[in-house]
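If you read the sequence shown in UniProt numbering, its first letter stands for residue 1, the second for the next number, and so on.
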Amino acid sequence: MAAASPAFDVPATTSFDPASATIAIVTYNRSALLSKLLDSIIAMDPKPGHVVIVDNASGDDTTEVVESYRERLGTELVYRRLEENTGGSGGFSAGMQVAYELGSEWIWLMDDDVEVISDGLARMGAWAPRFKSIQGRRYDYDGSEFYWQYRLSIPLGIPIPFAPAGFDGAGYREMNSGCFEGMFIHRSIVAEIGLPDPRFFIYWDDSVYGWLASLRTTAVIVNEFVLTRTREIRQWDMGIRHLNASSDAYRYYIMRNRGIMRHYFAEHGAYRPVRFALGTALTFVKEIIRLLIVERKVRGTSNLFRGMRDGLAIARDRSWAVMPPLEG
């Protein structure tokens, strides 16, 4: 694994209390991966005040695995099993709600297929006095540095693939997106923008949520490695950039959810019809490339077309309302 990222001199106005933070994990039928994550939390120093696990109605032994960690996790464990699979979007919305109701000052979101680096919370907390929406960095499955596209072109509604990957002496870059695999966000921002929208099910939910946060505060990605992926995903390596394999469900929702994204952009005066349509076309082309080059098949395009059809119906639905703020 690559060496740990350097510690930066961050101006502090108030100290960070690790007990004020909650790790919120979403899991679904991956108890073996969840165990690795919980083992890494046991090894953390410092630990958060709470760990919230949202189980998307798993059919495996997730409940038994979670209960086996309750006495040895070293911090308070809150387990919420949902009655049905609500996707990552519904799981993160529920996890953030539980963490918020616990009174958490900071909420750290993550999937079940990562491990936390032992001093990860301290590294994130070092930036907490300065920023309120923070994204740390991740190592990929093979120990390489994972690149995440942290900037969105809002008119197009797509990630900017050529956003700089490096960091200068400041140790951070401003972002206008988000990733629920590691988002570290303050409760005051959650109060203002509301919970993540569970209607996305999967895809674009964290991008939109991170954008909403960036409208309220300076959102940043910091040069701190705090997570390691524990699941290998087939991908097309393009140097520092990569294109992961996908699934029929992702192909459907990546197109369908652009209808939801359009409502959020319109609500905040950022919707530009022609350029957003171009972004939708570029998204479609990207998914075709993913099918042909990464997955080496042609079947699956029907899911893209179904997603476009249903997304257009959502976009035209005038009764659709964005998620409300939690306070104020």
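Positions of the beta carbon are idealized from the N, C-alpha and C atoms, including for glycine.
Could you tell me the boundaries of the alpha helix (DSSP H) in which residue i lies?
i, result
"V78", "Careful: V78 lies outside any alpha helix (DSSP H), inside the beta strand (DSSP E) at 76-81."
"E192", "187-193"
"residue 370", "The displayed coordinates of the chain run from 1 to 328. Any statement about residue 370 would go beyond what the structure contains."
"G307", "301-316"
"R123", "120-125"
"M255", "248-256"
Quick check on residue i: buried or exposed, where buried means 16 or more other Cβ atoms within 10 Å of its Cβ?
i, result
"I220", "For the sequence presented, residue 220 should be read as Val rather than Ile. By the neighbour-count rule (16 or more Cβ atoms within 10 Å), V220 is buried."
"I53", "buried"
"D17", "exposed"
"V51", "buried"
"A128", "buried"
"S188", "exposed"
"R290", "buried"
"E267", "exposed"
"E84", "exposed"
"G269", "exposed"
"L152", "buried"
"G328", "exposed"
"G169", "exposed"
Would you say residue i and residue j are within 9 Å of each other, going by their C-beta atoms?
i, j, result
"G74", "I107", "no"
"L227", "V114", "yes"
"V208", "G95", "no"
"Y139", "R229", "yes"
"D310", "Y271", "no"
"L109", "F201", "no"
"residue 404", "Q135", "Residue 404 cannot be examined here, being either before or after the span of the chain that is shown, 1 to 328."
"T218", "M255", "no"
"E224", "A126", "yes"
"N257", "D205", "yes"
"V78", "R137", "no"
"M261", "F184", "no"
"S118", "D45", "yes"
"Y69", "L38", "yes"
"A313", "H263", "no"
"I154", "W211", "yes"
"R80", "V98", "yes"
"H186", "S144", "no"
What separation, rounded to the nearest whole angstrom, lies between the Cα atoms of residue i and residue j?
i, j, result
"A191", "R216", "11 Å"
"A24", "Y172", "24 Å"
"T22", "K297", "42 Å"
"W236", "Y141", "Any reading at W236 needs caution, since the residue's pLDDT is 49, under 50, leaving its predicted position unreliable; the model's value is listed next. When rounded, the distance between both Cα atoms is 14 Å."
"M175", "G182", "14 Å"
"L278", "F131", "33 Å"
"M308", "F284", "9 Å"
"residue 339", "L326", "Nothing about residue 339 can be reported from this structure: the residues present for the chain run from 1 to 328 only."
"A165", "A213", "21 Å"
"M1", "Y147", "Only weak support exists for where M1 lies, its pLDDT of 40 falling under 50; the coordinates are left without a value."
"A122", "T63", "29 Å"
"Y100", "V116", "21 Å"
"S15", "F265", "35 Å"
"I293", "G87", "27 Å"
For residue i, collect the residues of the same chain with a Cβ closer than 7 Å to its Cβ; drop the 5 residues on either side in sequence, then sort them by chain order.
i, result
"S35", "V65"
"R30", "D112, D113"
"G59", "N29"
"Y203", "Y250, Y253, I254, N257"
"P196", "S89, F92, S93, M96, D205, Y209"
"R306", "Y252"
Residues in the same chain with beta-carbon distance under 8 Å from residue i, minus the five sequence neighbours each way, listed in chain order, please.
i, result
"L282", "L156, I158"
"L82", "V54, D55, N56, A57, G90, G91, A94"
"S20", "G49, S104, E105, W106"
"residue 417", "With the chain running from 1 to 328 in the structure shown, residue 417 is simply not present."
Residues in the same chain with beta-carbon distance under 6 Å from residue i, minus the five sequence neighbours each way, listed in chain order, please.
i, result
"E232", "Y141"
"G194", "M323, P324, P325, L326"
"A315", "G259, R262"
"E287", "R251, L304"
"G120", "V226"
"G300", "D248, R251, L291"
"S246", "R290"
"F167", "N223"
"A43", "S118"
Terminal residues of the continuous beta strand (DSSP E) containing residue i?
i, result
"R173", "172-174"
"T63", "No beta strand (DSSP E) contains T63, which is instead part of the alpha helix (DSSP H) from 62-69."
"T27", "21-27"
"R229", "219-229"
"Y203", "From DSSP, Y203 is part of no beta strand (DSSP E); its letter is neither H nor E."
"I41", "Segment 31-42 is the alpha helix (DSSP H) holding I41; no beta strand (DSSP E) there."
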